[in-house]
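Chains as they are written, first to last, in the numbering used here: chain C, 116 to 281; chain A, 12 to 474; chain E, 229 to 339; chain L, 1250 to 1722; chain U, 2 to 179; chain W, 8 to 354.
Backbone N, C-alpha and C fix where the C-beta goes; we use that ideal spot for every residue, glycine too.
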Amino acid sequence: MNTLEILFYALSAFAVVSAVMVLVSKNPIHSVLCLILVFFAISGHYILLNAQFLAIVNIIVYAGAIMVLFLFVIMLMNIKLDSEPQKKMIIKFIGVLSGGSLLTLLVALVKQTSQLQGKQVLMKEGTIGLIHPLGKALFTDYVLPFEISSVLFLSAMVGAVIIGKK
Amino acid sequence: MNAIIISAFMGVVMMFSSWGTSSIKLQRNIGLLGMLLLIGANIAHLTGVWVIEFDTKGMLVFNRIGLYANTILFVLTFIYMWINGEEIDKVGDHTHTADYYAIFFFILCGVSVLTSFDNLLMLFIGIEILSIPLYILTGADKKNLFSNEASLKYFLMGAFSTGILLLGITFIYGATGSFHLTAPVINPTTNMPVEHFLMSAGLILLFVALNFKVSAAPFHFWTPDVYDGAPTVFTSFMATVVKAAGFIAFIRVFEIQREALGYSWFIILPFVIVSTLLVGNITAVFQRSVKRMLAYSSIAQAGFMLFALYGRSIFNNEAILLYIVAYSLATIGVFAVLVKMKDYSFESFNGLAKKHPALALLTTIFLFSLAGIPLTAGFFAKYFMLNALLTAGAGLWLLIVAIVFAAVSVFYYFRLVQAMYFTSGEPAINEIDKKYEFKLWLIAAILIVLGVFPSLLFNYLYF
Amino acid sequence: MPIQYYIFLCLTLFSIGVVGVLTRRNAIIVFMCIELMLNAVNLLLVAFSKMYHGAALQVSPASTAGIDAQIFVFFIMVVAAAEVSVGLAIIVMMFRNTHSVDINFLNRLKN
Amino acid sequence: MFLLLFLLIPVFAAILLLFVKKEQSVNTIAISAALVTLLGAVYIIISKTSSFDAAWLPLLNSRFTLQADGLAKILVLLTAISFPAIFIATSKNQPTQKNIFLSLMLLTQAGLMGVFLAGDALLFYFFWELALIPVYFLCSIWGGEKRIAVTFKFFIYTFLGSLFMLIGIILVYSHTGDQSFALASFKQAHLTSGMQLTAFALFFIAFAIKMPIFPLHTWQPDAYEQSPTAVTMVLSAVMVKMGLYGVIRWLMPLFPTAFIAHSNIVTLLSVIGILYASFIAIRQDDLKRLIAYSSIAHIGLMNAALFSHIQVGVQGVLVQLFSHGINVLGLWIVADIIEQQTGTRSMKDLGGLAKKQPTLAILLVGFAFANIALPLTNAFVGEFLMFNGLFQFNPWMAAAAGVSVILAAIYTLNMVQKIAYGEISAATNLMPAPNKNAQGVLIVLLVIVFFTGVYPQPLFNVTADTLQQLFVK
Amino acid sequence: MQALTNKAQAVNRKPMTFLERLYLINIIKGMMITFSHMFKKQPTIRYPEEKREFSPVFRGLHVLNRDEEGRERCTACGLCAVACPAEAITMEAAERVEGEEALYREEKYAAKYEINMLRCIFCGLCEDACPKDAIYLSETFAPANYTRKGFVYAKSDLLIPNPKTEATAFAEAKGVEA
Amino acid sequence: MTILALDWGFIIEKLIMIAIVVFASLGIALYTTFGERKVAAILQDRPGPSRAGPFGLLQPLADGLKLIMKEEIIPNAASKWLFILGPGLAMTASLMTCAVIPWGSAIDVFGRHVELQIADVNIGILYVFAVVSMGVYGIMIGGWASNNKFSLMSALRAASQAISYELAMGLALIALLMTTGSLSLKTIVEQQVQGHWWNIVYQPLGFLIFFITAMAECNRTPFDLPEAENELNFGYHQEYSSMKLGFYLFAEYINMIMSSAIMASMYFGGYDLPFFNEASVAPNIAAMIGVGTLLIKIVLFIFLFMWIRWTIPRFRYDQLMGLGWKTLIPLALFNMLVTGAVILAKL
C-alpha cells in the first residue's frame, strides 16, 4: 500500500459514495452538491494520473459552470423537498436491477479480456496531461474538431435563446 | 469540407440576418439562397474544388459516397425549406424564423461531418451537432405542452444515448488505442478479427447508441412521442434529413468496425431489424393520429434502412441513398400535406379527394412511395434494400419478414388513402394555394421519375 | 495501478448513473445522472490514455501516445457544457408551462 | 416498337380522359383507344413474333424488354378483346366521374398488357403491381357496400404475394450468370435444387393468390361481388390469367425441378379447389357469386392441368386461357345487363327472361353452354385437352376434376333455368328495352366462342412456339 | 400650450457620441471628483470633545422656572397649553394652601404639569404665551429614552432646581441667557 | 512506511508558507474592512472610525470580537448543514486562491531555498479560475439554505453574475496568455521582471476588462447586486449572524485582495519594482523588497476598488447583464482577435 494506492482507494470510495448519494438523496440540492463532490473526486483521480489540465478543466467546467447552472435552475424553480413524486417501487427495482446487471456484465467482460491483463496505468508520471502537449495537440492534430465544436456552441446558443426567450 | 465551412458560415449569416432585415420573406430567401450555395459548394467539392485547402489530419475523409450523400441531403433540405417556408415561420411565437434557419444550417454542418468522419471524435461531435439543435426544434413550440414534453424527452434520451455512445467509444479506444475508424480490428498475421471483448462491447454499445439516434427498436420509444409532439414542420425534417444522416454515420462506423464483432453481428443486427419492423409496423396500424402513425412508420422505415448495414457491397450504398431519397421525399410530402390539416386524425382526411383531388392524388403518390409500390421511388428503394440484403447473404427468412411487414405497412398507409378517397366527409384542411400545390407536384414528379429511372440517382455516384 | 481497477470504478459510476436515469423522475436529477455517466467515461478515457502512454514510454521516452484520449475528454466536457445549456433551457421552459419537472407529468396529462 | 403501343395507347388515353368531362367524348375516347389496341392485337397475332427492347436500368442490368410470343399474343388478344367489349357493353352504366373510371380501366389495361408482354423479370413485377393499383381504386370507389374492406383484403393479399415474388426475382437474379433480369438469363440461372424450391415457392405464392388456388382464394368471391361489374369482368376474364400466365412464363421454364416436384401437391390443391368451388357455386343464389365460384373452378382446372406438366394438357390450358376469358366475359356481360335492368342479382327474383328479352336469353344460354364446355364451344377444346393431360398425369385426379364438369353443368343450367325460364318475375318485368350495345358485343363474343370451338387451329398455331419452348429443350 | 413660466428647458435629445456612450470619461471624471474630496476639509465635529456653537435662538428642552426665592412661577393659567400648536402640554391646577407660600408664588399653582416630548415641536410659543415667565426653552437636547412613557415629562422633570438649595445646579440649568 | 519517506522539510516549509499567507490575508482583510470604512469616510469628507485605538486602528479587532461574541442564529426552516457550509465554502474558496500567487522571488532561510509561492503549478491561472468558480457556491448555498426569499433571489443573482462575468474574464485573460505563452503566474511575473515592460502596456483593454470583471466577481459595487440592500434587504447573508456572517464579509475582502494580487502579478509586474536593480542588494533583501512592492500594488488596487465603490452607483440588474454579455464579452473577443493578429503578424 503506497500513498498512491491509498489515495486511489480513498478517492474511489469517496466518488462512489457521493455518486450513490446523488441517487438516493431526496433533496435535489443535496444531489447537486453530492455530484460536485463526485466531480472533485474525479478531478482528484485526474491529478493522480497527472492529467492536471483535465483536472482543472473538470473543476472549472463541470463543478464551476455546469453544476452552478444546475443549482441555479433548481433554486430558480425552488423545488421543495419531497415534491418529486417517486416512481413505483417495482420500476425502481427494475431500474436498479438493470443497472446492476449492466455493471455485472461489463465487469465480467473486462475480467475476461485477456488483453487487459497486467496492463498498468501510468500514475503521476508522463507529461501528456500537462497543458503544453495538450494544447499543441489540440491546435495541430485536433484543430478541425476544435473549430467544428464552435458550430455546436453556436447552435446551442441560438437554441438557448429560442427556448429561453419568453 | 466545403459543405462544413459553408453551412457553418450560412448558419452565422442566418443568425444575424434578423438584425439586418425584419422581413421574414427576405430571411427565408436568404436561407434558400444559402442552401443553393451549400449545394453548389458541395458539388464543387465533388469535382475536387475546395473553398479552403484544409488538412483534416485524418479526422475527416471525403469519399464520393459521403459527398454524394451530402448533396442528396442538402437537396432534400432545400426542397424541405422551399416547401415549408411559410410553415416554419409559424412555429413558436413567430419571431424566430432566422434562428430556425440558422439551426438548419448548423444541423447540415453536423450532417456533413457525419457523412465524412473518419474518427470517432468527429462522430461524437457530429452527432451532437445534429442532436442539440434538434432538441431545440422539438421544443420550438414553446406554449405547447406536448412540444415541451417531446423536447424534454428527446433531450434526456438523446443525452443518455450520448453517454452510451461515449462508453462505447471509450471501450473501443481501450481495445485499440486509437479513435480512428480504421483502427486495427483485424489481426494482420492471422487475418482474423481480433478477439477483444472490450472491442466487441464497445461496438455493441456504439450500436445501441446509434440505434437510439436512428430510432430503431428496441431503442425507439422516444420516437413516437417526440415526432408527435414536435412542431409538424420540424418533425418532417427530423424524420428525414436527420435520420438519414444518422444512417450514413451508422454505415460509416460499421462498414469496417463490425468485423470485430464477427459472427455476432449477424445475430444482433437481424434482431434489431426484426424488432424494429415489428414494433414500427404493428404499432402504426393502431394509431388514431396520422402524425403518430407516420412516427411509427418512420420507425418501420428505419428497420428497412438498417438492411443497408447487413452487407458490405456497393449495393448498400446505392440502396441507402435511394432509400433516403425516396423515403425522405415522400415523408416531406406527406408532412407538407399534414401541416395544412387542422387536426391530425384520420377522420380529418375524409373526403379530401372530393374537395382537393389534386392534393389527394399527391398524398396518394407519397403514401405509395412510402409503401413501396411500383412507379414510385419507394419501390426501388425497397427493392435495392432487399437486393443488398440478399447479396449480403442474409437468410431468406429475413427477407420474408421484411416483405411481410412491407405488406403490413400498406395496411396503415392505405388507411389514409381510404379516408381520402372512399370515405365521404368534410376534410379539415386549411387553404392551399396553387404555388404550394405546385411544389408538391414537383416532389411527386421526382418520386415518379426516380420510380421509373432510379439509376438517374446513381449516374453521378460512380465516376 | 492495474487498468482494471479504473475500469471497475468507472463502470460502477456509469452504472450508478444509469440506475439514476432509470429510477428518478425529476428531470434535473435524471440529467445529472447523465452527467455522472459522462464523467465516468471521461475518467476511463484518461485511464486508458495513461495506460497507452505508459506502454509507449517504455519504447520511446518522447512518445505522446494516449494524448488523443485526453483531447477527447476535453471535447466531451465542452460538448457537455453546450448540452447542459440547452437541456436546462428546455427544463426551465417545461417548468414554466407545467410547474413541474416530473418527466412523467405529461404522460398523465395524456391519459 | 410496335409493342410499346399496347402500353402507350391506353396510358395516353387514360391521361387524356382525366381532362375530359363530357360523357359522350369520354366514352368515345375510351372505346376508340380500346379498339385501336384491339386492332394492334390482331395485327401481332397474324404477324411474326416481335419484340421491343430499350435500356432502362443499366445499373441493375434490367432492360425495358417487351416480347410477344404465342402465350403473350393470345393473352394480349384476350385483353384487347375484353376491354372494348367491356367498354361498349357497359357504356350505358353511369358511374360517377366516369372519365376517371374509364381512365383507371385503361390504366389497368396497360398494366395487363405490360404483364403479358414483359420480357424482363423486374419489368414484369412492375406491371404486375401496376395492374393492381387502378383496380384497387376502381373497386374501392365504385364498388358495393362492403367495398373498402373487401378490396383492401384483395389488395393486401395480392400485394403480399407480389412481394414474395419480388424476393423470388431477386433471388434468381442474384444467381443469373450475367446479373440480368432478362427472361433469357433467368432461364439459365444456376440454381441449386434447394434454391429452386425456395424461389419456386416464392413465385408460386404470388401466382396462387392471383389465380386463386384453394386456400388462398378467400379474397375472390367477395371482391367479385363487391366490384363494379366492369371491374369484375376485367378481374375474372383477364386478371386471373395473370397467375396462370406467370406459371407458364416463369415457373415452368425457370424451376423445372421444383415444378415437377410440387406438381402433385399443387394439382391436388387445385382439384380440391375445383370441387370446393363447384359445390359452393351450386349453393349460390347471387348471380355474380355464382359466376365467381364457377370461375374459380375453371381456373383451378387450368392450374391442375398446367401442373400435370403434360404437353397435351398445357396445350389445352393455352387455348383455354383465351376461351375462358371470352366465356366468362360473356357471362358477366349478361349478368351485368340483368343487374342493370332488373336491379337485382338474386336468382330467386329473376325468371322468364326468355319471354321478356329472347335475344338476351339466347345469348345467355350460349355462354352457359360454353361454360359447361359443351362440344362446339371453345371451352370444350381446351377442357378436353386439359382432362386429357390431367388423366395422363393422374387418373384419379382427372376423375375428381371431371366431377366438376358435371357440377358445372348442374349449376350453370340451374342458373339458366332460373333466369331464363319460368314465369316472368316482378324484377324481370321491369326490364326496359334491350341494350343494343351490349347485345351486339355479346353476339360478337358468341361468334368467337363458336368459331374457336369449331375451328381452334388458329389458337394452336399461335401458341405453338410457347409449347415448343416449354417441352422441347 | 402657452408656457406659464419661462423656466421650461428644451430636453437635449441629441444621441450620445461614441465617447459619451463609453462612459469611461465620465466615470473618471466622477472618480476625480470623489478623489478631490479626500483633500477637502472634513466638516465633522468630534462631538463629545468638540461641540457645535448653538445659535442664539436655539430652543431646547422646556424648563419650568422659579423666582429668586425658589418659588414656582407657574400659576396653571393654561395659556401655554392653549398656545401649543402640537397640544403637547397638559396641566392640572391646584390652590395654594396655608404654609405653601414658600413653594408657589401665586395662590394657584400647577399640581400636575406634563409635556409630551414626542409631540412637542419646540416652537417656543408656550414661552411667548406665558404671562409669568414660568416656562422657557433651554439649550438642552431632549435626551433619549427607553419607553414612550418616559418622554412624557412630568413637572418634576421640568422644574428647574431651587436656586436657594441647589444654587449650582440652578445656575447650570438656567444657562447663559435669561 | 513509505508515507514517512516524504520530504518533511518541504512539507513544513509549505505549511509555514500557507500559514503565513493565510494569516496575512486574514490580517489584511481585517484591515481592509477598516480601510474600506476609512476610505469611504475620507472620500465623503468624514473622519471614519477613529475611536478604537489610535486613529481607530483597533476598530477591526473590535468588529471581529463583536462578530464572534454575537449570538449564533440558525433559522428553524433553514437547511442546517448547508447553512453552515455556505460561509465556510465562501471563505475556503477565497483563501485557496493565494496558493498560486507568487508573493516574491525566492529567499534563503536556514540554508533552504524557499520560493515565496505556495505552489507553482503550471496551470496557475486555470487554478485561479477553478477556485473562483467555486466561490459562487458559498453564496448560492448560503442564500438557498437560509430559506428566505431575499436570500434566494440574491443567491440566484450572484450565480448568474458570477458565471456571466467569468466568461469575459477568461476571454480577457486569454489574450494575455497568448502574449505570455504560459499559464504559470510565476512565469508570467518573471517575464515582466526580466523584460522591461509590464503586461499592462500590451494589454490595456484586457486589463480594463479583467478589472471590471474582477469587481463583478468580488461582488463589489457597482456590481454588488447580490447584496443590494435597498432591493434585497441584505442579500444572501440576511439570515446570518455572528461569525458566519463574518466569514462572508471576510471572504469578500479576501477575494478583493486576491484579485488585486492577481491583477498586480498579471498586468503590473507582480513583485517587480521598476527602476530598481535587485542585484545591488542581498538576495533576501531584494526578495523582501519585492514582497513589499507587491503589497503596495495590492494596496493600491484595493484602494482603487474602494474608490470606485464610493464613486459609482450600483447597476441595475439588466444593465449588469447587458454590460457583461453585450459589451465585455465582445470587447474581450475583439481584444483576443487583435492580439492574435498582432502575434501572427510578428511571427
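Residue burial is scored here from C-beta neighbours: W:Gly16 has fewer than 16 other C-beta atoms within 10 angstroms and is therefore classed as exposed. In the structure shown, A:Phe230 falls within a coil segment according to DSSP collapsed to helix, strand and coil.
At a cut-off of 8 Å between beta carbons, C:Phe187 contacts chain W. Unbroken alpha helix (DSSP H) stretches of 4 residues or longer found wholly inside the segment 144-198 of chain A: 156-187, given in chain order. Here the alpha carbon of A:Val348 sits roughly 16 Å from the alpha carbon of A:Leu87. Taking the C-beta atoms as reference points, L:Phe1709 is found no nearer than 8 Å to A:Val421.
Closest in alpha carbon position to E:Ala297, among C:Gly279, C:Gly274, C:Ser265, C:Leu253, is C:Leu253. Counting along the chain, L:Tyr1494 sits inside the alpha helix (DSSP H) bounded by residues 1489-1495. Runs of the alpha helix (DSSP H) spanning 4 or more residues and lying entirely within the segment 233-299 of chain A occur at 233-240, 243-248, 254-268, 276-296, in chain order.
Of all residues in the segment 26-53 of chain W, the ones placed with a Cβ closer than 8 Å to any Cβ belonging to chain U are Ile49, Leu50, Gln51, Asp52, Arg53, in chain order. For the pair of segments examined, the segment 1339-1349 of chain L was found not to touch the segment 351-360 of chain A: the number of CB pairs separated by less than 8 Å stays below three. Uninterrupted alpha helix (DSSP H) stretches at least 4 residues long and entirely within the segment 267-331 of chain E occur at 295-326, given in chain order.
8 Å or more divides the Cβ of A:Leu317 from the Cβ of A:Thr294. The beta carbon of U:Phe59 sits closer than 7 Å to the beta carbons of Glu140 from its chain, once the five residues preceding and following it are set aside; these are given in chain order. Between the alpha carbons of E:Val258 and E:Ser291 lies a distance of about 40 Å. DSSP places L:Tyr1525 within a helical segment (H, G or I) once states are collapsed to three. Restricting attention to W:Ala271, W:Ser272, W:Met273, W:His244, the CA atom closest to the CA of W:Glu259 is found in W:His244. Counting along the chain, L:Arg1538 sits inside the alpha helix (DSSP H) bounded by residues 1536-1557.
Within 10 angstroms of the beta-carbon of L:Ile1264 lie fewer than 16 other beta-carbons, which makes it exposed.
Residue pairing by DSSP places W:Leu72 opposite no residue, since no beta bridge is assigned to it. With the rule of 3 Cβ pairs closer than 8 Å, the segment 215-227 of chain A counts as touching the segment 169-181 of chain A. Taking A:Asn81 as reference, the option from A:Lys351, A:Asn441, A:Ala260, A:Ile325 with the minimal CA-CA separation is A:Ala260.
Collapsing the DSSP output to three states places U:Arg14 in coil.
With 16 or more neighbouring CB atoms inside 10 Å of its own CB, A:Ile99 falls in the buried class. One finds Thr35 in chain U with Cβ atoms closer than 8 Å to the Cβ of W:Trp317, taken in chain order.
In the three-state reduction of the DSSP assignment, A:Tyr111 falls in the helix class, which pools H, G and I. With a threshold of 8 Å between beta carbons, A:Thr287 makes no contact with chain C.
Taking U:Ala103 as the centre and dropping the five residues before and after it, the same chain places the C-beta of Glu70, Gly71, Arg72 closer than 8 Å to its C-beta, in chain order. Taken through DSSP and simplified to helix, strand or coil, E:Pro230 comes out as strand. Contact between the segment 279-294 of chain W and the segment 51-58 of chain W is not established, with fewer than three Cβ pairs separated by less than 8 Å.
Annotation for W:Asp115: the continuous beta strand (DSSP E) segment containing it runs 114-116. Distance from the Cα of A:Val412 is smallest, within the candidate group L:Ile1416, L:Leu1387, L:Ser1300, L:Leu1252, for L:Ile1416.
Under the three-state reduction of DSSP output, L:Ala1303 falls in the strand class. When A:Thr251, A:Ala271, A:Thr246 are compared, the shortest CA-CA separation from A:Leu217 is found for A:Ala271. Per DSSP, the continuous beta strand (DSSP E) segment holding L:Ser1311 begins and ends at 1311-1316. Between L:Ala1619 and L:Ala1628 the beta-carbon gap is near 5 Å, inside 8 Å, which marks them as a contact.
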